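Working notes, beginning with the structure itself.
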Amino acid sequence: MAQLFGAVLGVLGVALLARLVLEWRRYSEGTHLITRRQLILRAVSAADLVVLLGLVAIGARVGFVSAEGAAVYWTICLVLAFVAIVLALWDLRLLRGAAGRRRAQSMRRLSQYIRRLEQSRGGQVPPP
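In case it helps, our numbering puts the sequence shown at residues 13 to 140.
In structure tokens, the structure reads:
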């Protein structure tokens, strides 16, 4: 069972790294909407998760000699999991801010288009 658990964690780690490489390529090509700060945040988050996956896989197979050693080991794993959650929430906050800015920019463009359309039809448009 531990070998299956380790294999699943290994597959998850490889999938995570592959997804990070794809994100990096999209950012390099300019087809991604995220900023450099978000990409670095995602890279740090991926590194944290890969280290956490490795520690959990190792911890599942290691027989700890003392309860204190096991407590310290799993506390470190718990802290890394908490850091991953905080990084994910930070990334989500940055994404929501960017989406709000894009939405506002889209609305400004739409209102400018409507004003130009009204002016071209000869209608009077009140000043903004």
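Ideal placement from N, C-alpha and C gives every residue a C-beta, glycine not left out. Keep in mind it's a predicted model, so treat the numbers as computed, not measured.
- Query: A83: buried (16+ other C-beta within 10 angstroms of its C-beta) or exposed?
  - Reply: exposed
- Message: Assuming the contact rule is C-beta atoms closer than 8 Å, Y85 and F76 should be a hit. Round their C-beta distance to whole Å, please.
- Response: 7 Å
- Message: So, under 8 Å CB-CB, A110 and L45 are touching, yes? Tell me the CB distance rounded to an integer number of Å.
- Response: 7 Å
- The alpha helix (DSSP H) enclosing F94, as first and last residue numbers: A79 to S132
- Nearest to T59 (by Cα), restricted to the options A79, G42 and R31: According to the sequence displayed, residue 59 carries Ala and not Thr. The option with the nearest alpha carbon to A59 is R31.
- Item | Beta-carbon separation (whole angstroms), G66 vs C89, contact threshold 8 Å | That pair is no contact at about 10 Å.
- Task: Can you tell me which of the three DSSP states I46 falls into?
- Result: coil
- Classification of R54 by the beta-carbon crowding that lies within 10 angstroms, buried from 16 upward: buried
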